[in-house]
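A quick write-up on the structure given underneath.
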Amino acid sequence: MKFKDYYATLGVEREASNDEIKKAFRKLARKYHPDVAKDQESDHKFKEINEAYQTLSDQEKREAYDQLGRHSPGEEFRPSPEWDSRFWQDGVSQGGGSQGGGVPTGAQTIDLADLFEQMGFRSVHQGRSGEAAFSRRGQDYEVATTISHEDAARGSEVALDLGVPEMGRDGTLHRVSKTVRLRVPKGVIDGERLRVAGRGAAGIGKGPAGDLYLTIRLQPHRLFKAVGHDLYLEVPITPSEAVLGGDIEVPSLDGRLTLNVKPGTRGGQTLRLVGKGLPKRKQGSGNLYCVLQIVTPPALSDRERELYQELGELSTFQPRLHLQDGPKGGQSNG
Amino acid sequence: MAEEILLITDDDQPIGLDELLDASGLVHDDVIELVAIGVFQPLGTTSTWTFQARTLHQARRAARLRDDFGLNAPGMALALTYLERMEVLESRLRELESLLPRP
Chain H
1 MKFKDYYATL GVEREASNDE IKKAFRKLAR KYHPDVAKDQ ESDHKFKEIN EAYQTLSDQE
61 KREAYDQLGR HSPGEEFRPS PEWDSRFWQD GVSQGGGSQG GGVPTGAQTI DLADLFEQMG
121 FRSVHQGRSG EAAFSRRGQD YEVATTISHE DAARGSEVAL DLGVPEMGRD GTLHRVSKTV
181 RLRVPKGVID GERLRVAGRG AAGIGKGPAG DLYLTIRLQP HRLFKAVGHD LYLEVPITPS
241 EAVLGGDIEV PSLDGRLTLN VKPGTRGGQT LRLVGKGLPK RKQGSGNLYC VLQIVTPPAL
301 SDRERELYQE LGELSTFQPR LHLQDGPKGG QSNG
Chain B
1 MAEEILLITD DDQPIGLDEL LDASGLVHDD VIELVAIGVF QPLGTTSTWT FQARTLHQAR
61 RAARLRDDFG LNAPGMALAL TYLERMEVLE SRLRELESLL PRP
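Order-wise, the sequence lines are chains H and B.
Just so you know, we're using our numbering here: the first sequence kicks off at 1 and counts up by one.
Just so you know, we're using our numbering here: the second sequence kicks off at 1 and counts up by one.
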């Protein structure tokens, strides 16, 4: 497995006190914690920081880690046989395979985090013989999936790949790729968290299984922007359509709709199509908001230019009258 | 590959106190204090408390904040309130951004 320098991750010396380790973790967590930062990079960073802290903040895990010796980060290494016999506790697997269907993938190996997670240091205190003495609830699995707006609207089925560390019969750890299929009901929204009770990791001893949590991400749509169950669509219209009004066609998630643009429409004006947004879980749907934007032609033919000029000379419309009020100014058209 | 298709746990059903504690990692005293502060709103009387399923997401977040930042219950309550307020504002911001022409 690849070595990771947990001390470097937290930015502390190898001799750091528990207090210094805790402080270093909190300082980094304040910046990268998933409840503070939302970007992927921070998420990744926090996982590393958390992994380092989970090991170094536990006296026994820290000792075991220290005994692995010094290696360069990323260097391949194997714990020595002495280390194995001193720190390794067998019989504390996650009770793998009980849910069936796991596909072992030999190419995937476990990493340092799995090793410490599964070592079962705490069982040492429960006595080596008392296997029933220690129970712990299984870990929760947290996964995310990205689905299209269309799938959110009609419901879908997703395949989730859970990389689960499991202990084989020979006592070695493997990372097992386990695929589960999950029915995502219609009406989910971006950022929603779905729970499947009891489908996380199996419990240890008599502990119950953890839960499976799935976070939904909506794939950005080419046309629509979703806010909850509402959809927003930017609809460009020509200056003449804005002035004269008319029926225009707009797309929606279920086919094309006709939108009536009133004469004298202003740029930025929003038309609401009730119930044409994303369906909700039980009943009803969000709305589709068409945001009208008046656009000008990128190029004009000579004839068009002539007509615009003529129209400009003819028109008595004065949109900037309120700006000519003298030095007082400050009027807003809000 | 497993053929079984998992279904999500019905989140219309309220969850009991034991399930909330088990699934979130909060302890009983945390929950009592978070209810007293008003962050969690249980249904029923003290002996028969049940919670809306969304409380579980709040509770897991609270437990995470407690573990990672050493927050006590008032701290968890304050952080949860701020985080939820931020989410409302972020949603409002997305809504307003959707009204602007694309750059």
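Note that beta-carbon positions come from the ideal geometry of N, C-alpha and C, so glycine has one too.
Cβ of residue i less than 7 Å from any chain H Cβ?
i, result
"Ser98 (chain B)", "yes"
"Leu17 (chain B)", "no"
"His57 (chain B)", "yes"
"Leu7 (chain B)", "yes"
"Asp68 (chain B)", "yes"
"Pro74 (chain B)", "no"
"Pro103 (chain B)", "no"
"Gln52 (chain B)", "no"
Using the C-alpha atoms, what's the distance from residue j back to residue i?
i, j, result
"Asn287 (chain H)", "Val274 (chain H)", "5 Å"
"Phe69 (chain B)", "Ala63 (chain B)", "10 Å"
"Leu271 (chain H)", "Pro74 (chain B)", "44 Å"
"Met86 (chain B)", "Thr215 (chain H)", "19 Å"
"Leu80 (chain B)", "His33 (chain H)", "14 Å"
"Leu26 (chain B)", "Phe3 (chain H)", "33 Å"
"Asp151 (chain H)", "Glu4 (chain B)", "20 Å"
"Leu28 (chain H)", "Pro208 (chain H)", "33 Å"
"Arg86 (chain H)", "Ala64 (chain H)", "9 Å"
"Arg281 (chain H)", "Thr9 (chain B)", "14 Å"
"Phe317 (chain H)", "Ala144 (chain H)", "55 Å"
"Gly284 (chain H)", "Val261 (chain H)", "26 Å"
"Glu13 (chain H)", "Gln59 (chain H)", "16 Å"
"Asp67 (chain B)", "Gln54 (chain H)", "11 Å"
"Gly344 (chain H)", "Arg26 (chain H)", "Given that chain H is displayed from residue 1 to residue 334, the structure contains no residue 344 (chain H) and the question cannot be resolved."
"Ser123 (chain H)", "Gly210 (chain H)", "Residue confidence is low: Ser123 (chain H) scores 44 on pLDDT, short of 50, so the model does not pin down where it sits. No coordinate-derived value is stated."
"Ser72 (chain H)", "Glu82 (chain H)", "21 Å"
"Gly102 (chain H)", "Lys61 (chain H)", "Note that Gly102 (chain H) scores 31 on pLDDT, short of 50, meaning its location in the model is unreliable; the coordinates nonetheless yield the value given after this. So the alpha carbons of these two residues sit roughly 29 Å apart."
"Ala159 (chain H)", "Ala201 (chain H)", "17 Å"
"Gln58 (chain B)", "Pro251 (chain H)", "37 Å"
"Val36 (chain H)", "Val295 (chain H)", "39 Å"
"Leu259 (chain H)", "Ile248 (chain H)", "5 Å"
Between which two residues does the beta strand (DSSP E) harbouring residue i extend?
i, result
"Ile5 (chain B)", "5-7"
"Phe224 (chain H)", "224-227"
"Asn260 (chain H)", "255-261"
"Leu273 (chain H)", "270-273"
With a threshold of 7 Å between beta carbons, is residue i in contact with chain B?
i, result
"Glu48 (chain H)", "no"
"Tyr65 (chain H)", "no"
"Gln40 (chain H)", "no"
"Arg199 (chain H)", "yes"
"Lys23 (chain H)", "no"
"Leu194 (chain H)", "yes"
"Lys206 (chain H)", "no"
"Val227 (chain H)", "yes"
"Tyr7 (chain H)", "no"
"Asp161 (chain H)", "no"
"Tyr141 (chain H)", "no"
"Tyr32 (chain H)", "no"
"Asn37 (chain H)", "The sequence shown places Ala at residue 37 (chain H), rather than the Asn named in the question. Judged by the 7 Å Cβ criterion, Ala37 (chain H) is not in contact with chain B."
"Asp43 (chain H)", "no"
"Glu234 (chain H)", "yes"
Is the CB-CB distance between residue i and residue j below 7 Å?
i, j, result
"Ala77 (chain B)", "Leu43 (chain B)", "no"
"Ala226 (chain H)", "Leu233 (chain H)", "no"
"Gly182 (chain H)", "Leu6 (chain B)", "It is Leu, not Gly, that sits at residue 182 (chain H) in the sequence shown. Yes, Cβ-Cβ distance for Leu182 (chain H) and Leu6 (chain B) is below 7 Å."
"Ile15 (chain B)", "Phe40 (chain B)", "no"
"Glu6 (chain H)", "Leu56 (chain H)", "Checking the sequence, you will find Tyr at residue 6 (chain H) rather than Glu. Yes, they are a contact pair."
"Gly277 (chain H)", "His322 (chain H)", "no"
"Lys186 (chain H)", "Arg136 (chain H)", "no"
"Gly163 (chain H)", "Ser177 (chain H)", "yes"
"Gln293 (chain H)", "Gly267 (chain H)", "yes"
"Leu17 (chain B)", "Trp49 (chain B)", "yes"
"Asp161 (chain H)", "Thr179 (chain H)", "yes"
"Glu142 (chain H)", "Tyr213 (chain H)", "yes"
"Arg60 (chain B)", "Ser98 (chain B)", "no"
Which residue comes first and which comes last in the alpha helix (DSSP H) that contains residue i?
i, result
"Asn287 (chain H)", "Asn287 (chain H) -> no alpha helix (DSSP H), and no H or E assigned at all."
"Val243 (chain H)", "239-244"
"Ile49 (chain H)", "40-56"
"Glu310 (chain H)", "302-314"
"Thr55 (chain B)", "53-69"
"Thr81 (chain B)", "73-98"
"Glu415 (chain H)", "The structure shown does not extend to residue 415 (chain H), since chain H is modelled only from 1 to 334, so the question has no answer here."
"Thr9 (chain H)", "6-10"
"Glu192 (chain H)", "Looking at the DSSP string, Glu192 (chain H) is not in any alpha helix (DSSP H), and its letter there is neither H nor E."
Is residue i near the ligand ADP, judged by its Cβ being under 6 Å from some heavy atom?
i, result
"Ala152 (chain H)", "Among the components of this structure there are no ligands whatsoever, and the ligand ADP is therefore not found."
Taking only beta carbons into account, state which residues of the segment 283-307 of chain H come closer than 8 Å to chain B, listed in chain order.
Residues Tyr289, Val291, Gln293.
Given a limit of 7 Å on CB to CB distance, which residues of the segment 79-99 of chain B reach chain H?
Leu83, Ser91, Arg94, Glu95, Ser98, Leu99
Taking a cut of 7 Å between CB atoms, which residues from the segment 19-34 of chain B lie near chain H?
Those would be Asp22, Ala23, in chain order.
Check each residue of the segment 177-192 of chain H: if its Cβ is closer than 7 Å to any Cβ of chain A, include it; give the result in chain order.
Structure shown: chain A not included; protein chains present are H and B.
Can you give me, in chain order, the residues of the segment 38-50 of chain B that have a beta carbon less than 8 Å from any beta carbon in chain H?
none
Taking beta-carbon pairs under 9 Å, can you tell me which members of the segment 261-277 of chain H lie near chain B?
Gly267, Gly268, Thr270
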